[in-house]
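At position 282 of the sequence shown (counting the first as 1) the number is 281 in numbering that gives the first Met the number 0, and the numbers step up by one without a gap. For reference, the structure discussed in these notes is given below.
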Amino acid sequence: MSQTVLLRELEYLVALARERHFARAAAACHVSQPSLSTAIRKLERELDVQIVLRGHRFAGLTPEGERVLLWARRILAGATALHQDLASMRGELTGTLRLGAIPTALTAASLLITPLCTRHPEVRVTLTSLTSREVAAQLAGFELDVALTYLDDETLSGMRTVPLYEERYLLLTPALGPLADRPSVSWAEVAKLPLVLLTPRMRNRRIIDGLFAAHGPAPTPAVETDTVDALYAHIATRRWSSVIAHAWLHTFGVPDGMRVVPLTGRSGGSRIGLAVADREPEPYIVRALLDIVPTADVRGVLQRLLRTHLAG
Numbered sequence: 000m001s002q003t004v005l006l007r008e009l010e011y012l013v014a015l016a017r018e019r020h021f022a023r024a025a026a027a028c029h030v031s032q033p034s035l036s037t038a039i040r041k042l043e044r045e046l047d048v049q050i051v052l053r054g055h056r057f058a059g060l061t062p063e064g065e066r067v068l069l070w071a072r073r074i075l076a077g078a079t080a081l082h083q084d085l086a087s088m089r090g091e092l093t094g095t096l097r098l099g100a101i102p103t104a105l106t107a108a109s110l111l112i113t114p115l116c117t118r119h120p121e122v123r124v125t126l127t128s129l130t131s132r133e134v135a136a137q138l139a140g141f142e143l144d145v146a147l148t149y150l151d152d153e154t155l156s157g158m159r160t161v162p163l164y165e166e167r168y169l170l171l172t173p174a175l176g177p178l179a180d181r182p183s184v185s186w187a188e189v190a191k192l193p194l195v196l197l198t199p200r201m202r203n204r205r206i207i208d209g210l211f212a213a214h215g216p217a218p219t220p221a222v223e224t225d226t227v228d229a230l231y232a233h234i235a236t237r238r239w240s241s242v243i244a245h246a247w248l249h250t251f252g253v254p255d256g257m258r259v260v261p262l263t264g265r266s267g268g269s270r271i272g273l274a275v276a277d278r279e280p281e282p283y284i285v286r287a288l289l290d291i292v293p294t295a296d297v298r299g300v301l302q303r304l305l306r307t308h309l310a311g
């Protein structure tokens with residue numbers, strides 16, 4: 000069996016599992032649907048196992064197909080890493096780094112991606128917003144090279160982690176509001192404000208809810224959203240307050256007419272960092288990102304930014 004043909008068949012299978020639709024998978028692979036279907040059937044014959052559940056449309060993978068899919072992702076990731084490794088030996092790092100990030104850490108991703116692409120101009124990065132559980136699953140399934148996520152998540156068992164910074168939580172409130180000119184405020188006082196917060200399904204919100212519970216009554220937010228962008232869009236109206244992570248200041252800053260105020264008591268401690276599957280040999284493109292970490296000094300950059308906004 001031709002290795003080139005095998006890799007192509009595995010690529011088609013991965014695309015089909017991702018798109019869950021034959022036509023969309025074929026379009027993603029730039030082939031016709033009959034060509035993709037024929038290649039999948041050929042792979043089934045070569046492996047002597049049924050991979051796809053077929054009906055009038057794609058109905059999922061068989062248990063054996065799920066196992067083949069895992070190996071397909073592993074083999075394709077290995078082939079990609081091999082090409083990148085050989086390119087690095089020629090003094091040129093190329094390829095695409097697949098980086099997944101939890102939504103609340105997306106704002107810090109540019110602090111690593113920008114210097115990486117500056118040092119290695121031929122490198123490309125795909126940055127995807129994922130939940131912490133999706134991050135762990137996709138790292139284990141060879142769908143990601145590296146993730147930016149909470150490091151105290153139990154789903155990262157068996158992963159290698161590199162700490163970057165600790166989240167610190169702040170009150171973001173209208174400049175004309177009752178707490179804006181205070182040197183600090185309590186969680187109990189914040190709970191009484193009209194708030195916009197992330198939804199409870201978000202890890203950040205669950206952490207904040209725990210801090211509220213430790214210091215007094217739970218808040219009843221007027222607005223809940225699952226994106227930091229939408230949260231800031233509401234904050235910009237100067238009608239609501241919010242509890243934000245200090246890393247968000249890097250991208251969104253403090254909107255006009257708003258102030259950031261420190262919170263008393265515990266106001267942080269959740270560690271954010273990089274997680275990578277502990278595999279050998281390590282993909283060179285992953286090593287290139289990890290080499291950026293010391294000079295990027297994400298923690299220091301965010302701390303200086305926080306002090307600037309508090310002083311302002």
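Backbone N, C-alpha and C fix where the C-beta goes; we use that ideal spot for every residue, glycine too.
Query, Result
"Report the option in PRO162, ALA100, MET257, ALA213 whose CA atom is closest to the CA atom of THR226.", "ALA100"
"Would you check if there are 3 or more beta carbon pairs closer than 8 Å linking the region 209-223 to the region 178-195?", "yes"
"With distances taken between CB atoms, is the gap from ALA135 to LEU155 smaller than 7 Å?", "yes"
"Buried or exposed for SER240, going by 16 or more other Cβ atoms inside 10 Å?", "buried"
"Does the region 234-248 touch the region 298-308, meaning 3 or more C-beta pairs lie closer than 8 Å?", "yes"
"Less than 7 Å separating the beta-carbons of ALA108 and LEU126?", "yes"
"ALA174 to ARG258, Cα distance in whole Å?", "5 Å"
"For the alpha helix (DSSP H) containing PHE21, name the first residue and the last one.", "21-28"
"Kindly list the residues whose CB is nearer than 7 Å to the CB of LEU230, restricted to its own chain and excluding five residues on each side of it in sequence; keep chain order.", "VAL195, LEU197, THR224, SER241"
"List in chain order: all unbroken beta strand (DSSP E) runs of 3+ residues lying wholly within the region 98-139.", "122-128"
"If I follow the unbroken alpha helix (DSSP H) through ILE207, where does it start and stop?", "202-214"
"Drop a sphere of 10 angstroms on the beta-carbon of ASP228, count the other beta-carbons inside from all chains shown, and report buried for 16 or more, exposed for fewer.", "exposed"
"Here's a check: name, in chain order, each residue in its chain whose Cβ is nearer than 8 Å to the Cβ of SER13, leaving out the five neighbours to either side.", "First, the amino acid is wrong: residue 13 is Val here, not Ser. Taken in chain order, the residues that qualify are LEU68, ALA71, ARG72, LEU75."
"Tell me ALA244's beta-bridge partners as DSSP assigns them.", "TYR168"
"Between THR79, TRP186, GLU153, LEU92, which lies nearest to LEU169 when the distance is taken from Cα to Cα?", "TRP186"
"Suppose the cutoff is 8 Å on Cβ atoms and the five residues either side in sequence are ignored; what does the same chain contact list for ARG167 look like?", "ALA244, HIS245, SER266, GLY267, LEU305"
"Kindly indicate which three-state DSSP category ASP253 falls into: helix, strand or coil?", "One detail in the question is off: residue 253 reads as Val in this sequence, not Asp. Three-state DSSP puts VAL253 in coil, outside helix and strand."
"Applying the criterion that 16 or more other CB atoms from any shown protein chain within 10 Å of the CB defines a buried residue, is PRO199 buried or exposed?", "exposed"
"If distances are taken between C-alpha atoms only, which option among ALA287, VAL189, ILE234, MET201 comes closest to HIS214?", "VAL189"
"Expressed to the nearest angstrom, what Euclidean distance is found between the alpha-carbon atoms of ASN203 and SER36?", "42 Å"
"State the start and end residues of the unbroken beta strand (DSSP E) segment that holds SER156.", "It is not in any beta strand (DSSP E) - SER156 carries neither H nor E in the DSSP assignment."
"From MET0 to PRO293, what distance separates their C-alpha atoms?", "Only weak support is given to the placement of MET0: the predicted model assigns it a pLDDT of 45, under 50, and the value that follows is read from those uncertain coordinates. Taking the straight line joining both Cα atoms gives about 45 Å."
"Compare the beta carbon distance of MET158 and ALA287 with 7 Å and say whether it is the shorter of the two.", "no"
"From which residue to which residue does the alpha helix (DSSP H) around ARG303 run?", "297-310"
"Taking all protein chains shown into account, do 16 or more other C-beta atoms lie within 10 angstroms of the C-beta of ALA38, making it buried, or fewer, making it exposed?", "buried"
"Sort out for me which residues DSSP pairs PHE57 with in a bridge.", "ARG53"
"Would you say VAL184 lies against chain C (beta-carbon separation less than 7 Å)?", "You won't find chain C in this structure, because it holds only one protein chain."
"Here's a check: name, in chain order, each residue in its chain whose Cβ is nearer than 6 Å to the Cβ of LEU5, leaving out the five neighbours to either side.", "none"
"Opposite ILE271 in the DSSP bridges: which residues?", "TYR149, TYR164"
"What number of angstroms, rounded off, separates the C-alpha of GLN32 from the C-alpha of LEU9?", "15 Å"
"Quick check: ILE234 and PRO216, are their CB atoms within less than 7 Å of each other?", "no"
"Got a sec? Which residues, its chain only, sit under 8 Å from THR61 by beta carbon, not counting five neighbours each side?", "VAL48, GLN49, ILE50, VAL51, LEU52"
"List the endpoints of the continuous alpha helix (DSSP H) containing LEU196.", "Per DSSP, LEU196 belongs to no alpha helix (DSSP H); it is in the beta strand (DSSP E), 195-197."
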